[in-house]
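For what it's worth, the UniProt record's numbering labels the leading residue of the sequence shown as 1, then goes sequentially. Heads up, the thing below is written out as structure tokens.
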Amino acid sequence: MAERSFKAEVEHLRQGAGSSFTGEGILAITKALLENGVGYVGGYQGAPISHLMDVLADAEDLLGELGVRYEANASEAAAAAMLAASVHYPIRGAVTFKGSVGVNVASDALANLASSGVTGGAIIIVGEDYGEGSSIMQERSYAFAMKSQFWLLDPRPNLPSIVKSVGDSFALSEASNTPVMLMVRIRSCHVTGTFECRDNQRPPLTVREALSNPQRDFKRVVLPPMSYQHEYDKIENRWPAAEKFILEHGLNERFGPQDGKVGLICLGGMYNSVIRALQRLGLADVSGNTDVPLYVMNVAYPLVQSDLLDFCAGKDAVLMVEEGQPEFIEQQLGNMLFKAGSQTKLEGKGIFPKAGEYTGQVMMDGLDDFFRKYAAHLLPGQVRAPNTPQPEIPDLSQTVPIRPPGFCTGCPERPIFASMKLVEQELGKHQISADIGCHLFAALPPFEIGGQTMGYGLGPASNAAFDGGGEKRAISIIGDGGFWHNGLSTSIGNMVFNKSDSVAIIVDNYYSAATGGQDIPSSRATNASKSTNNPITKALEGAGVKWIRQIDRTYDVTRMRETIREALTTDYDGPKVIVASSECMLNRQRREKPQRNKAIKDGARVEIPRFGVDEDICTGDHACIRLSGCPSLSLKTLDDPLRDDPVAHIDQSCVGCGNCGEVADAAILCPSFYEARVVHNPSGYERWTAGLRSRVISWLQTRRAARRLTFNGTASGRIAS
1 MAERSFKAEV
11 EHLRQGAGSS
21 FTGEGILAIT
31 KALLENGVGY
41 VGGYQGAPIS
51 HLMDVLADAE
61 DLLGELGVRY
71 EANASEAAAA
81 AMLAASVHYP
91 IRGAVTFKGS
101 VGVNVASDAL
111 ANLASSGVTG
121 GAIIIVGEDY
131 GEGSSIMQER
141 SYAFAMKSQF
151 WLLDPRPNLP
161 SIVKSVGDSF
171 ALSEASNTPV
181 MLMVRIRSCH
191 VTGTFECRDN
201 QRPPLTVREA
211 LSNPQRDFKR
221 VVLPPMSYQH
231 EYDKIENRWP
241 AAEKFILEHG
251 LNERFGPQDG
261 KVGLICLGGM
271 YNSVIRALQR
281 LGLADVSGNT
291 DVPLYVMNVA
301 YPLVQSDLLD
311 FCAGKDAVLM
321 VEEGQPEFIE
331 QQLGNMLFKA
341 GSQTKLEGKG
351 IFPKAGEYTG
361 QVMMDGLDDF
371 FRKYAAHLLP
381 GQVRAPNTPQ
391 PEIPDLSQTV
401 PIRPPGFCTG
411 CPERPIFASM
421 KLVEQELGKH
431 QISADIGCHL
441 FAALPPFEIG
451 GQTMGYGLGP
461 ASNAAFDGGG
471 EKRAISIIGD
481 GGFWHNGLST
491 SIGNMVFNKS
501 DSVAIIVDNY
511 YSAATGGQDI
521 PSSRATNASK
531 STNNPITKAL
541 EGAGVKWIRQ
551 IDRTYDVTRM
561 RETIREALTT
571 DYDGPKVIVA
581 SSECMLNRQR
591 REKPQRNKAI
601 KDGARVEIPR
611 FGVDEDICTG
621 DHACIRLSGC
631 PSLSLKTLDD
641 PLRDDPVAHI
651 DQSCVGCGNC
661 GEVADAAILC
671 PSFYEARVVH
681 NPSGYERWTA
691 GLRSRVISWL
701 QTRRAARRLT
711 FNGTASGRIA
721 S
């Protein structure tokens with residue numbers, strides 16, 4: 001099950017001309033695809049674009065009615081390869097995935113697509129999340145657009161601009177026979193707004209109809225000598241056609257006056273931040289009207305030289321607002337100005353930081369510095385006194401602790417790594433490689449397991465140098481999503497082919513959990529439109545793995561520990577794979593909580609497990625916390641002058657997974673953990689029994705208190721005498 005259902009919102013995608021559509025950016029993109037006669041869509045989930053895949057999945061009925069083929073691809077490479085349908089056929093196709101890691105994974109297919117060119121419009125919608133909100137290495141998709149000569153659009157982050165950019169991308173692709181990347185930044189994906197609808201369009205040629213009339217053109221096959229001609233075609237035909245289309249259709253925009261001594265050039269995705277900074281500096285109003293000439297590049301690549309030089313003409317200086325590094329656009333623009341003999345001064349990096357996200361404060365300070373240097377007269381007031389250094393911002397990293405990501409409460413992956421720590425205590429440390437996914441959090445405290453990650457599904461492959469055998473066996477971690485994405489062929493296949501004497505642990509939580517809980521081939525759920533319930537163990541056997549252990553309950557820490565120990569000490573010298581399976585607790589709670597709440601509301605008897613710590617037994621050594629790290633495990637200071645150290649405490653966020661008690665039992669830590677059952681809507685007999693127990697306990701507690709009082713009084717009397 002996906003993190004969020006869009007079933008209700010999807011109904012609004014049926015709106016036609018004359019209606020106003022209100023919703024998120026990802027819904028607007030889907031609506032725009034339908035309005036522009038898309039013939040097929042696909043992709044692979046990944047932040048910040050995951051929800052677009054969820055919308056497409058929920059809209060599958062509507063897509064079917066329009067004759068649109070939808071596929072949830074196995075990887076970004078598979079999604080990019082899907083665009084091959086637009087090479088020979090005049091069919092519009094679109095795929096989506098996370099940039100830049102998705103672009104990296106899909107690079108081979110994308111490079112071939114860019115070489116051969118397309119007949120139908122082909123667009124790749126990449127979700128760009130550069131900056132503090134990113135979950136990946138800090139890179140940009142721009143470099144790939146330059147390398148393979150994709151055209152790259154970066155629209156202003158408002159719904160009308162985003163919707164227009166989808167149609168522009170298809171039209172630009174067809175006009176220049178070149179695939180187009182449509183970059184939507186994290187804010188664009190989730191921005192809300194309104195735009196005027198058009199009617200949904202059935203594709204003029206569906207993929208089903210194309211099968212009845214197969215087309216082929218060997219000139220588009222990427223083989224010599226055609227591949228040499230493709231390179232010339234890009235420069236001599238496709239690029240000029242793209243520039244002509246961009247100019248004739250005004251894809252790049254200008255705001256403010258035509259003339260001025262200074263000007264700003266920004267990417268479309270940075271427009272809102274630039275305008276907001278200008279407002280704060282008193283150089284724009286709340287509607288975005290400004291007295292500063294502004295050139296907005298909704299097309300980030302290719303740069304239209306004639307248009308840019310025309311904007312720069314007569315200006316003393318222009319500022320290029322380009323977030324991230326390297327400064328690809330600034331370098332190109334500087335080259336254009338130099339070759340044209342322009343006297344216009346170009347500023348960019350230096351005024352702005354060379355790396356990092358352009359936050360609101362960074363943007364305002366950069367623009368303020370630029371105007372003070374070249375056009376101080378434009379500033380209506382003194383934001384700060386001239387020649388006065390900016391106030392020093394305190395380094396909060398010295399006082400505020402970092403807040404790294406961590407496992408959810410009750411996560412079934414937590415006991416896997418607790419088991420590994422227990423084995424490590426017995427056998428010593430091992431070389432451990434990690435992989436992308438929730439399990440990568442194990443690299444952080446309290447587990448500190450796994451020292452590197454090379455890519456999705458590449459956990460075992462990144463340990464290949466250590467797979468030849470040694471004093472200790474190498475261990476690698478890979479998730480079920482990564483296994484089906486790239487791991488089966490690349491990592492497991494590599495282990496089998498090279499007879500690796502190492503251990504791989506496949507963390508199977510039933511979903512592609514880190515990207516939003518989408519189903520994958522091994523999901524245990526029944527999916528009407530996808531093939532699920534395909535066991536990972538069967539795939540491993542088919543790939544040639546002989547030593548396989550399946551664990552169906554990862555919370556059994558004792559068994560997990562014993563299995564890991566067996567894999568590390570067995571005489572078998574081939575690949576050893578442990579499949580550790582338990583459902584993602586977050587998805588489980590999403591499914592079970594509504595059902596449980598409804599049952600309670602309807603008066604049904606419902607038991608809910610809760611765990612606790614006996615304060616009188618807990619010694620306060622906190623080993624349970626160090627071996628679990630569960631957010632629901634915290635500390636509690638006792639009102640006891642003889643016990644200074646806080647004891648372990650389980651708070652109200654506990655979901656009753658039992659991991660804390662399992663860890664304590666496996667590590668022989670302490671018997672202080674207990675399980676209780678909260679019964680909603682108990683039977684009459686249960687109420688009577690509970691009342692009786694309460695009275696008996698109350699009587700025993702009263703008697704014990706009286707005895708203590710008597711003993712204390714007698715002892716005091718003896719001391720006094």
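Even glycine gets a Cβ: it sits at the ideal position worked out from N, Cα and C.
Three-way DSSP call (helix, strand, coil) for residue i in this model
i: residue 675; result: strand
i: residue 404; result: coil
i: residue 69; result: strand
i: residue 374; result: helix
i: residue 629; result: coil
i: residue 348; result: coil
i: residue 149; result: coil
i: residue 476; result: strand
i: residue 181; result: strand
i: residue 448; result: coil
i: residue 658; result: coil
i: residue 697; result: helix
i: residue 137; result: coil
i: residue 89; result: coil
i: residue 49; result: coil
i: residue 320; result: strand
Rounded straight-line distance, which links the Cα of residue j to that of residue i
i: residue 366; j: residue 102; result: 31 Å
i: residue 723; j: residue 409; result: No statement about residue 723 is possible, as the shown extent of the chain runs from 1 to 721 and does not include it.
i: residue 10; j: residue 90; result: 27 Å
i: residue 18; j: residue 262; result: 41 Å
i: residue 239; j: residue 132; result: 34 Å
i: residue 377; j: residue 356; result: 30 Å
i: residue 125; j: residue 561; result: 44 Å
i: residue 167; j: residue 330; result: 28 Å
i: residue 189; j: residue 163; result: 12 Å
i: residue 470; j: residue 214; result: 55 Å
i: residue 540; j: residue 503; result: 13 Å
i: residue 602; j: residue 59; result: 32 Å
i: residue 472; j: residue 675; result: 39 Å
i: residue 580; j: residue 416; result: 8 Å
Cβ pair residue i, residue j closer than 8 Å
i: residue 563; j: residue 551; result: yes
i: residue 194; j: residue 466; result: no
i: residue 206; j: residue 67; result: yes
i: residue 724; j: residue 165; result: In the structure displayed, the chain extends from 1 to 721; residue 724 sits before or after that span and is not available.
i: residue 272; j: residue 353; result: no
i: residue 287; j: residue 245; result: no
i: residue 92; j: residue 62; result: no
i: residue 97; j: residue 111; result: no
i: residue 358; j: residue 323; result: yes
i: residue 575; j: residue 491; result: no
i: residue 363; j: residue 274; result: yes
i: residue 444; j: residue 406; result: yes
i: residue 128; j: residue 187; result: no
i: residue 293; j: residue 334; result: no
i: residue 43; j: residue 69; result: no
i: residue 24; j: residue 192; result: yes
Other residues of its chain near residue i: CB distance less than 6 Å, five sequence neighbours each side excluded
i: residue 431; result: 466, 474
i: residue 220; result: 87, 116
Strand pairing of residue i, partner residues [DSSP]
i: residue 519; result: 511
i: residue 770; result: What is shown of the chain runs 1 to 721, which leaves residue 770 out entirely.
i: residue 24; result: 192
i: residue 607; result: 679
i: residue 548; result: 577
i: residue 742; result: Lying outside 1 to 721, the shown extent of the chain, residue 742 is not represented and no answer is given.
i: residue 42; result: 71, 95
i: residue 636; result: 647
i: residue 503; result: 475, 576
Contact set for residue i: own chain, Cβ-Cβ below 7 Å, skip 5 residues either direction
i: residue 617; result: 670, 671, 672
i: residue 223; result: none
i: residue 657; result: 410, 555, 585
Residues near residue i by beta carbon distance below 8 Å, same chain, minus five either side
i: residue 218; result: 226
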